[in-house]
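The structure under discussion appears below in the form of structure tokens.
Numbering (our numbering), first residue to last: 12 to 325.
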């Protein structure tokens, strides 16, 4: 049985090596952010934190009520050093795909998320998403994704720009709640700044802001444009090349003469009600404002989310 033990030992050693190699990526980032110094991060056990804060005693609370997403406590380490402990009081935004954990024991690390289904078609199709979704669900998806983007833009001192608002990054959980994912291309806008420059333009054609493509400058409008293109996809079920065409062809005329109905997904028109026709029109106009085709200013995501909520109430 010695060979068996040797085999298990070799496999365990190989896995540990992968953990160390993959963990180096995190370590390198920490060192980079600390101006080349060694890793300053120490891991504490739950028992150490509970002892240090006296089980998060109210007597050690530095702020009576949660500020933003955390509560602050004064703590004491075992070497009698006083510390500030931040305890998160929310578990992320409900409209983000929740990260459960990861495995570093493979050559390429594996990430584990909560289970949710993509809104993409399950079979090969000309459509960009599952067109069996009824209008009320499409409208709900738009509203909840707008809420998620609003959170990214406003909840932190540095705005987070998603940069890739495409259908395959949207999921639905078992309760029909929209979940935004796909943060591979996301960037931070420095605190106090309105933009950041990308060295390389990244994203999906049709959902990319024209200003971003031309200059590499990322702003909140980069996401607003992508979201507007996503809205048009939800309404029409057509390829994003439609967005480029709309950008060139004075699309407001489609609204004024009622021609926009001709580009609405036929499945939505099969049994639509009068109020839904109004919703189609208002939804379409809002999407055009997002991509800069209508109006003098592109709306903020918080404004888009509010308007979508009003559309849903009709």
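Beta carbons are placed, not taken as given, at the ideal position from N, Cα and C, and that holds for glycine.
Burial state of residue i (16 or more Cβ within 10 Å)
{"i": "residue 231", "result": "buried"}
{"i": "residue 59", "result": "exposed"}
{"i": "residue 320", "result": "exposed"}
{"i": "residue 244", "result": "buried"}
{"i": "residue 225", "result": "exposed"}
{"i": "residue 287", "result": "buried"}
{"i": "residue 324", "result": "exposed"}
{"i": "residue 220", "result": "buried"}
{"i": "residue 119", "result": "exposed"}
{"i": "residue 55", "result": "exposed"}
{"i": "residue 294", "result": "buried"}
{"i": "residue 144", "result": "buried"}
{"i": "residue 61", "result": "exposed"}
{"i": "residue 100", "result": "Here residue 100 scores only 49 on pLDDT, less than 50, and its place in the model should not be relied on; the value that follows carries that caveat. Exposed: under 16 other Cβ atoms inside 10 Å."}
Residues near residue i in its chain [Cβ-Cβ closer than 6 angstroms; skip 5 each side]
{"i": "residue 291", "result": "275"}
{"i": "residue 309", "result": "232, 235, 303"}
{"i": "residue 279", "result": "146"}
{"i": "residue 311", "result": "none"}
{"i": "residue 227", "result": "208, 209, 212"}
{"i": "residue 76", "result": "With a pLDDT of only 38 at residue 76, under 50, the local geometry of the prediction cannot be trusted, and the value read off the model is given with reservation. Excluding positions up to five away in sequence, the list is empty."}
{"i": "residue 270", "result": "none"}
{"i": "residue 265", "result": "271"}
{"i": "residue 79", "result": "Reliability of the predicted coordinates at residue 79 is poor, the pLDDT of 39 falling under 50, and the value obtained from them is presented with this limitation in mind. Closer than 6 angstroms at Cβ, skipping near neighbours: no residue."}
Contact set for residue i: own chain, Cβ-Cβ below 8 angstroms, skip 5 residues either direction
{"i": "residue 131", "result": "139, 140, 141, 178, 179"}
{"i": "residue 203", "result": "none"}
{"i": "residue 95", "result": "73, 83, 84, 85, 86"}
{"i": "residue 168", "result": "202"}
{"i": "residue 170", "result": "163, 164, 199, 200, 231"}
{"i": "residue 71", "result": "64, 65, 84, 85, 86"}
{"i": "residue 229", "result": "172, 174, 198, 200, 206, 207, 208, 209, 223"}
{"i": "residue 187", "result": "148, 151"}
DSSP bridge partner residues for residue i (one or two, in chain order)
{"i": "residue 190", "result": "182"}
{"i": "residue 124", "result": "110"}
{"i": "residue 72", "result": "84"}
{"i": "residue 170", "result": "200"}
{"i": "residue 93", "result": "87"}
{"i": "residue 58", "result": "BP columns for residue 58 are empty, so no partner."}
{"i": "residue 4", "result": "One cannot answer for residue 4 here, as it falls past the ends of the chain, which runs 12 to 325."}
Close-in-space but distant-in-sequence residues of the same chain around residue i (CB under 7 angstroms, 5 per side omitted)
{"i": "residue 306", "result": "300"}
{"i": "residue 109", "result": "103, 124, 125"}
{"i": "residue 88", "result": "63, 94"}
{"i": "residue 127", "result": "108, 182, 183, 184, 190"}
{"i": "residue 111", "result": "123, 124, 125"}
{"i": "residue 289", "result": "325"}
CB contact below 8 angstroms: residue i versus chain C
{"i": "residue 319", "result": "Absent here is chain C; the protein component of the structure consists of one chain."}
_With three or more C-beta pairs closer than 8 angstroms as the rule, is the stretch 287-302 touching the stretch 231-242?_
yes
*Say whether the stretch 193-210 touches the stretch 171-182, bearing in mind that this needs 3 or more beta-carbon pairs closer than 8 angstroms, one atom from each stretch.*
yes
*Is the number of C-beta pairs between the stretch 151-167 and the stretch 310-320 that are closer than 8 angstroms three or more?*
yes
*Count the C-beta pairs between the stretch 211-223 and the stretch 141-157 that are closer than 8 angstroms, then say yes if the count reaches three, no if not.*
no
*Could you tell me whether the stretch 179-189 touches the stretch 121-131, where touching means 3 or more Cβ pairs closer than 8 angstroms?*
yes
*What residue ranges within the stretch 201-256 form continuous alpha helix (DSSP H) runs of no fewer than 4 residues, ordered along the chain?*
221-226, 231-247
*asked:* Just to confirm the assignment: which complete alpha helix (DSSP H) runs, minimum length 4, are found wholly within the stretch 279-303?
replied: 285-301
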